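Quick notes on the structure that follows.
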Amino acid sequence: MLITVVKSKIHRVKVTGADLNYIGSITIDEDLMDGANIVEGEKVQIVNNNNGNRLETYAIPGPRGSGEITLNGAAARLVAVGDVLILITYAQMTIEEARNFKPSLLFPNEKDNTLT
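Written out as structure tokens, the structure reads:
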């Protein structure tokens, strides 16, 4: 049997952009993606602390050290610049694997979304 567990979490980042005319996805500073063990194209759940919206899309890397968190496409309608988000990815594994698995939890600087 496989269960779904939290694989990665970026806790409390601020939206820096919303681009309705982009094809789709969430652009995440590549330093944050690396720190949270999120790979390009990976499915990401987005929880908006400001309005309660939850949505899913896929990650694309943004410039390193930029702190960029941009919602693209239709997702741009569900956020405002400055909203605080939690970004979560999940993995499927056996119960035995899950008991020993440690997720990558990242707590960036809340002022500028960086790791400094």
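The sequence shown maps to residues 0 to 115 in numbering that gives the first Met the number 0.
All residues carry an ideal CB built from backbone N, CA and C; glycine is no exception.
Model, not experiment: these values are computed from the prediction.
Task: Straight-line gap, Asn-47 to Ile-85 (C-alpha atoms, nearest Å) - done: The count along the sequence shown starts at 1 and reaches residue 47 at position 48. The count along the sequence shown starts at 1 and reaches residue 85 at position 86. If you take the alpha carbons of Asn-47 and Ile-85, they lie about 7 Å apart.
Task: Gly-66 classed as buried or exposed, judged by whether at least 16 other C-beta atoms fall within 10 angstroms - done: On the sequence shown, position 67 is the one that residue 66 refers to. So Gly-66 ends up on the buried side.
Task: Length of the line joining the Cα atoms of Gly-81 and Leu-54 - done: As a working note, residue 81 is residue 82 in the sequence shown. As a working note, residue 54 is residue 55 in the sequence shown. For Gly-81 and Leu-54, the gap between their C-alpha atoms comes out near 17 Å.
TODO: Have a look at Ile-25 and Pro-62 and give me their C-alpha separation to the nearest angstrom.
DONE: The residue given as residue 25 occupies position 26 in the sequence shown. The residue given as residue 62 occupies position 63 in the sequence shown. A direct Cα-to-Cα measurement between Ile-25 and Pro-62 gives close to 13 Å.
- [ ] Look up Met-0 in the DSSP assignment and say whether it is helix, strand or coil.
- [x] Looking up residue 0 in the sequence shown gives position 1. Residue state, collapsed to three classes: coil.
TODO: Assign Glu-29 to one of two classes, buried (16 or more other C-beta atoms within 10 Å of its C-beta) or exposed (fewer than that).
DONE: Numbered from 1 along the sequence shown, position 30 holds the residue referred to as residue 29. By the neighbour-count rule (16 or more Cβ atoms within 10 Å), Glu-29 is buried.
TODO: Could you check the C-alpha separation between Asp-111 and Lys-13 for me, to the nearest Å?
DONE: The residue given as residue 111 occupies position 112 in the sequence shown. The residue given as residue 13 occupies position 14 in the sequence shown. Between Asp-111 and Lys-13, the C-alpha separation is close to 8 Å.
Task: Segment limits, alpha helix (DSSP H) that includes Leu-31 - done: Here the question's residue 31 lines up with position 32 in the sequence shown. Note, Leu-31: alpha helix (DSSP H), 29-34.
Open item on the list: Whole angstroms are fine: how far does the CA of Ala-73 sit from the CA of Phe-100?
Closed with: One-based indexing of the sequence shown puts residue 100 at position 101. One-based indexing of the sequence shown puts residue 73 at position 74. The straight-line gap separating the alpha-carbon atoms of Phe-100 and Ala-73 is approximately 34 Å.
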